[in-house]
Amino acid sequence: MQKKLLATPALATLVALPIAGYATYHIMEESRFNFAPQPPIEDGAAGTKSETQVAKQPVEQSDSAEEKPIAHLVPPKPGQGQDTGASRKMDVAKQEAAPATEPRSRGLDMEAEQPAAALAPEADALSDKAYERAMPAPSGQFMAGSQNRALGQGAAKLRAESAKGVVQPAPADTVAQPEENRDRFAEFKTNPVKSAATDPVSTFSIDVDTASYSFARASLKAGFLPQPDTVRVEEMINYFPYDWKGPDSADPPFNTTVSVMPAPWNEGHKLMHVAIKGYDVQPAVQPRANLVFLIDTSGSMNAPDKLPLLQSAFRLLVGKLRADDTVSIVAYAGEAGTVLEPTRASEKDRILQAIDNLSAGGSTAGEAGLREAYRLAQKSFVKDGVNRVMLATDGDFNVGQTDDDDLKRLIEEERRSGVFLSVFGFGRGNLNDRMMQTIAQNGNGTAAYIDTLQEAEKVLVQEASSTMFPIAKDVKIQVEFNPAKVAEYRLIGYETRALAREDFNNDRVDAGEIGSGHSVTAIYEVTPKGQPQMIDDLRYGEASTDNGGVANADEYAFVKIRYKLPDADASKLITTPVTGANEIASFDQATTDQRFSVAVAAFGQKLRDGDQTASMGWDRIAGIASAARGADPFGYRSEFLSLVRLAAALDKSKP
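Counting along the sequence shown from 1, when you hit position 482 you're at 470 in the working numbering, and nothing is skipped either side.
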């Protein structure tokens, strides 16, 4: 031992250099990153003890502990850590003269500091190998600072740690834990194939929501395939504007075009394509708008893609309003409050200032916010005008009424007063899409998901007329298939909009609305009579008539649409027979918009991993969409093609 203490100056210099380098790295990295305390590391599989346990274990057990790997340590470079027991004794001796209070180690729940001299025997027992492992190789860049101060404080900290037998992970190895994803979507099963002989009638509510498409787009751009329940195929189809033929006047308020064409994913099957176009209300005759912005300002909205994006989006909408329109603003967090009483849009600066002054913090009293928003909407109600609450949120209502069914009843009560509701979702990780869909469908409104400012411009500026100005409400579709021509059929999408057969003629049953100039598309896949079927024919239950034939035997189907005018309580009926005159000989002869909408339908089914499109490759979908891109002034269809390519690449990379 005396020989070790009489080591040459050269040996001392060799020992001091790695210590000084480690100390400088250690202190500079601490001041740079300011890491929060980390829990002790324990590798259960390898049997590695935690850092605190290593510090507390008896000295005589140190050799056995040295033979086990220590998690998250960077091995020393060759030539480093070649110190001796003499250098450690010298460090312990110097420690006695160090300040009594020294910086505590990160990531450890340290016990009360003990005098350095009392730890000297324990330090003496440390092996050279364990000491080397306690010195990770420096990595990264150092921040500017005082080198002398870093060396002094770092050396003191290193001496204390080595004396206690403590090893700690390098800051670069700290892994951030992913935040919990609390997005909530309603679960549903894909529509099954049905027999036209036993179940010939299909009934559903129209849907003009687009939230599913933009959410799926955000998922793909984030690098992962969307979960099947986040994909509602009808919302993906209806995301895109189509040039369907519209009505020549407001009575009836929309026109229906039906076409039958070969299915590109199943040979021998056909697609019955139903396209509805709403009457486009001219700006000169648009009714006055009474809008209430209901804005979620809870703490979870404090993210760049939430409240800041929301504020920018509503600024765009304000710029679209006319001078005599009215705007009110309600914000809700722990409680709800009126930010802006009903104000004419001509006072644009006042409205924008109220939007800009919003900040996030607190819980989510959404139910109280809804009640206050409806109160303001009634306060400035415009007869024969547009009265609408526009809710912008990232997710849950966790104060007041939080059950979806309770909120549904509240929305239904207010809907009867003539105030409708639209919902706009923002951000990820806390999105309650299930609640958004429930209240939007029962509030005679729409649901959209806004993930970019471009999407905000599409929803709130380009489509403002169709979003805010309804031309028909409670619009339902019922299709009866002729079993003499059609063996089986399947509705693509609209699973969450299905209605009972008897609901079609019941004017008390709520359904979707169509806005000014809105287009709605529905697609059925049908199996013509004589083609291979998924469902066997019934041996004893085939339909028949007394006269030995079937009426209207030349028809594929009979399409009925029932609707109400915005201020009416009684519905009207539009009917369209589907015959051979509606048939298109080949898929390529269909219009550009028809083929593109079919490509989107195939894409949505593929994302849901549907059996019907299992044999259809992503490249085939991209080929159809590319050939049918047509006029694309806003780049929506070009973006769709990039999403198909992304989905194909992500699908190939699945384990």
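For every residue, glycine included, the Cβ atom is placed at its ideal position computed from N, Cα and C.
Residue i bridges to which residues according to DSSP?
i, result
"Arg608", "Its beta-bridge partners do not exist; DSSP assigns none."
"Gln466", "Thr191 and Lys548"
"Arg172", "Asn420"
"Gly518", "According to DSSP, Gly518 bridges with nothing at all."
"Asn243", "Lys265"
"Leu561", "Arg550"
"Gly431", "Beta-bridge pairing links Gly431 to no other residue."
"Pro250", "Lys258"
"Asp182", "Note on identity: in this sequence residue 182 is Lys, with Asp being the wrong assignment. Lys182 is bridged to Tyr477."
"Val508", "Ile264"
Could you spell out the range, first to last residue, of the alpha helix (DSSP H) harbouring residue i?
i, result
"Leu282", "From DSSP, Leu282 is part of no alpha helix (DSSP H) but of the beta strand (DSSP E) over Ala277 to Asp284."
"Ala204", "Ala199 to Lys209"
"Ser453", "Ala452 to Met456"
"Ile572", "Note, Ile572: premise wrong, no alpha helix (DSSP H); not H, not E."
"Val219", "Unbroken run through Val219: none, as it is neither H nor E."
"Ile343", "Lys336 to Asp344"
"Ser585", "Thr580 to Leu595"
"Gly307", "Leu295 to Lys308"
"Glu490", "That residue, Glu490, is in no alpha helix (DSSP H); it is neither H nor E in DSSP."
"Gln442", "Leu441 to Glu445"
Locate the beta strand (DSSP E) running through residue i, then write down its first and last residues.
i, result
"Ile438", "Ala435 to Ile438"
"Glu483", "From DSSP, Glu483 is part of no beta strand (DSSP E); its letter is neither H nor E."
"Gly623", "Element bounds for Gly623: n/a, residue is neither H nor E."
"Phe414", "Phe408 to Phe414"
"Arg478", "Val474 to Leu479"
"Thr381", "Val374 to Thr381"
"Thr331", "Ala324 to Arg332"
"Val318", "Thr314 to Tyr320"
"Glu360", "Element bounds for Glu360: not the beta strand (DSSP E) but the alpha helix (DSSP H), Gly354 to Lys367."
"Gly500", "Gly500 to Gly503"
Where does residue i land, buried or exposed, given buried means 16+ other C-beta within 10 angstroms?
i, result
"Ser410", "buried"
"Ala569", "exposed"
"Ala556", "exposed"
"Lys473", "buried"
"Phe408", "buried"
"Val467", "buried"
"Asn179", "buried"
"Asp313", "buried"
"Leu364", "buried"
"Glu627", "exposed"
"Phe212", "exposed"
"Glu329", "exposed"
"Leu526", "exposed"
"Ala333", "buried"
Starting from the C-beta of residue i, find all residues in its chain whose C-beta is less than 8 angstroms away, skip the five residues before and the five after it, and write them out in chain order.
i, result
"Lys308", "Leu448, Val449 and Ala452"
"Thr601", "Trp253, Ala590, Gln593 and Lys594"
"Val196", "Asn226, Thr434, Ser454, Gly500, Glu501, Ile502, Gly503, His506 and Val508"
"Ser630", "none"
"Gly287", "Ala321, Ala348, Gly349, Gly350 and Ser351"
"Lys517", "Pro471, Ala472, Lys473, Val474 and Ala475"
"Lys336", "Val306 and Gly307"
Only counting the same chain, and skipping five residues up and downstream in sequence, which positions put a Cβ closer than 6 angstroms to that of residue i?
i, result
"Ser641", "none"
"Thr198", "Glu223, Tyr227 and Ala436"
"Met424", "Val411, Gly413 and Ala435"
"Met249", "Leu259, Ile572, Phe575 and Ala578"
"Val189", "Glu468 and Arg489"
"Leu441", "Ser300"
Can you tell which of the options has the C-alpha that lies nearest to the C-alpha of residue i?
i, options, result
"Thr509", "Leu305, Gln582 and Gln215", "Gln582"
"Ile427", "Leu379, Ile572 and Phe414", "Leu379"
"Phe492", "Met260, Lys464 and Ala361", "Lys464"
"Arg397", "Leu634, Asp498 and Asp607", "Asp498"
"Lys258", "Ala238, Arg489 and Arg478", "Arg478"
"Ile612", "Arg596, Gln577 and Phe622", "Gln577"
"Pro275", "Arg310, Asp293, Gly266 and Glu355", "Arg310"
"His355", "Leu395, Ala319, Arg625 and Lys371", "What sits at residue 355 in the sequence shown is Glu, not His. Checking every option, the nearest Cα to that of Glu355 belongs to Leu395."
"Asp268", "Leu279, Arg422, Lys233 and Ser300", "Lys233"
"Lys560", "Ala486, Glu543 and Arg550", "Arg550"
"Ser202", "Arg416, Asn345 and Asn169", "Arg416"
"Phe302", "Phe242, Ala635, Asn375 and Leu279", "Leu279"
Excluding the 5 residues preceding and the 5 following residue i in the sequence, name in chain order all residues of the same chain whose CB lies nearer than 7 angstroms to its CB.
i, result
"Ser200", "Thr218, Val219, Arg220, Glu223 and Met224"
"Thr564", "Thr244, Val246 and Val547"
"Leu304", "Ala444, Glu445, Leu448 and Val449"
"Asp699", "For residue 699 there is no data in the structure shown, the boundaries of the chain being -11 and 643."
Hey, would you say the C-beta of residue i is under 7 angstroms away from at least one heavy atom of the ligand NAD?
i, result
"Asp462", "No copy of the ligand NAD appears in this structure; indeed no ligand is present at all."
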